[in-house]
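Below: one structure, written as structure tokens.
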Amino acid sequence: MEFLVKNWSLALVFVVSGAMLLWPLIKGRLSSAAQIGTLEATRLINKENPLLLDVREPGEYNSGHLPEALHIPLSQLKSRSDELAKYATRPVIVYCERGVRSSSAASALAKLGFQRVLELRGGLRAWRDAGLPTQRD
């Protein structure tokens, strides 16, 4: 205990860094959407024709995206919900660059009534790292 009192800043760094390492695991468990990897996403694309929803900003989208993806930036998701309504019966694979923004988008889609929302684990970066195709407009 004396060590902790004398080295409180070191103990604080230990606690904060541990929390930062555990946060992705905790966030994944609390998320309303399941996460799928690139292999599962490819299978789903081939079998069930899901909506591929890119929630990145326009500049990011223009640099490359999944083939046939619908682009609606996260900041516009709620205001463009009417545009999404026609896809409510299809599964939705939502993605961003690394998988951070897609979690917020998945929650918003669940609130809009989408039944099957899936997040692409690792986002477009994981898709590219797997050597899968992208397209540019």
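Residue numbers for the sequence shown follow the numbering used here, so the first one is -17 and each next one is one higher. Even glycine gets a Cβ: it sits at the ideal position worked out from N, Cα and C. Bear in mind that the values here come from a model prediction, so they are computed numbers and not experimental data.
C-beta atoms of residue i and residue j nearer than 8 Å
| i | j | result |
| --- | --- | --- |
| residue 77 | residue 52 | no |
| residue 48 | residue 34 | yes |
| residue 56 | residue 86 | yes |
| residue 112 | residue 20 | yes |
| residue 119 | residue 44 | yes |
| residue -14 | residue -7 | yes |
Cβ shell of residue i (< 7 Å), same chain only, five flanking positions each side left out
| i | result |
| --- | --- |
| residue 107 | 79, 80 |
| residue 70 | 95, 96 |
| residue 110 | 116 |
| residue 147 | In the structure as shown, the chain begins at -17 and stops at 119. Residue 147 is therefore absent and cannot be evaluated. |
Helix, strand or coil at residue i [DSSP, three-state]
| i | result |
| --- | --- |
| residue 52 | strand |
Beta-ladder partner(s) of residue i, from DSSP
| i | result |
| --- | --- |
| residue 16 | 100 |
| residue 58 | Its beta-bridge partners do not exist; DSSP assigns none. |
| residue 120 | Absent from the model: residue 120. The displayed extent of the chain is -17 to 119, so no value can be given. |
Closer than 8 Å to chain C by CB, residue i
| i | result |
| --- | --- |
| residue 63 | Of the protein chains in the structure, only one exists, and it is not chain C. |
Own chain partners of residue i with C-beta closer than 6 Å, once the 5 adjacent residues on each side are dropped
| i | result |
| --- | --- |
| residue 75 | 23, 32, 34, 100, 102 |
| residue 83 | 37, 56 |
| residue 73 | 30, 32, 98 |
| residue 90 | 59 |
The region 14 to 26 / the region 53 to 64 touching (three or more Cβ pairs under 8 Å): Taking one beta carbon from each stretch, the region 14 to 26 and the region 53 to 64 have fewer than 3 pairs nearer than 8 Å; the two do not touch.
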